[in-house]
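In this note's numbering, the protein residues as written are 7 to 130. First the structure, in the form of structure tokens, and then the observations on it.
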Amino acid sequence: MEYEFRRNTLTGTLVANFTMDHEIMGLWFVDELGEDNLLYEQIKQVIMQLQQGTLSEKRILGKAISVDLDTEQVRVFANVLEMEDDYELDESMSLYNGESEAFCGLEDFEQALANWRTFIHESR
7 MEYEFRRNTL TGTLVANFTM DHEIMGLWFV DELGEDNLLY EQIKQVIMQL QQGTLSEKRI
67 LGKAISVDLD TEQVRVFANV LEMEDDYELD ESMSLYNGES EAFCGLEDFE QALANWRTFI
127 HESR
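Structure representation (structure tokens):
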């Protein structure tokens with residue numbers, strides 16, 4: 007999983023570009039996490055508990071994108087996916103997987119999170 011973090015030089019807005027099949031992660035970093043230190047600390051605490059074995063899984067609900075963490079992997083997904091079972095979508099309305107759901111290892115997610123934090127502090 008490769009990614010790049012930057013600020014738009016004209017607007018100052020955050021940009022997180024992830025490789026194909028992980029695009030939703032970039033949206034989560036920008037739209038859900040952003041510069042929210044409390045959420046960052048909450049997620050770091052969850053990761054630590056998962057690694058220590060005091061927690062087996064955790065869902066962090068976002069406005070549009072949520073994160074499921076367990077001891078091995080992380081799932082970042084559009085909240086609309088949870089509603090797909092309740093509502094039958096027309097084939098033409100189906101979501102492209104990389105823009106609606108992505109998986110990565112817990113350690114990879116932890117590293118991306120640390121890199122995001124460093125980027126936020128250095129780009130202010």
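Where a beta carbon is used, it is the ideal one built from N, C-alpha and C, also for glycine.
- In the three-state scheme derived from DSSP, where H, G and I count as helix and E and B as strand, Gly111 is classed as strand.
- One alpha carbon belongs to Asp76, the other to Glu63, and they sit about 4 angstroms apart.
- Each residue's CA atom was taken as its position, placing Phe83 and Glu47 some 20 angstroms apart.
- Residue pairing from DSSP places Tyr9 in a beta bridge opposite Phe24.
- DSSP, read as helix, strand or coil, puts Ala118 in helix.
- If you check the CB distance, Trp34 and Val73 come in under 8 angstroms.
- Rounded to the nearest whole angstrom, the CA to CA distance from Gly111 to Val80 is 6 angstroms.
- The shortest CA-to-CA distance from Tyr9 to any of Glu128, Gln117 and His127 is the one to Gln117.
- Per the DSSP secondary-structure output, Leu75 pairs in a beta bridge with Lys64 and Val80.
- DSSP places Lys50 in the uninterrupted alpha helix (DSSP H) bounded by Asn43 to Gln58.
- For a cut-off of 8 angstroms, the C-beta gap from Val21 to Val36 is around 7 angstroms, short enough to register as a contact.
- Taking Ile71 as reference, the option from Glu105, Leu56, Thr60 and Leu44 with the minimal CA-CA separation is Glu105.
- Around the C-beta of Gly32, 16 or more other C-beta atoms lie within 10 Å, and the residue is accordingly described as buried.
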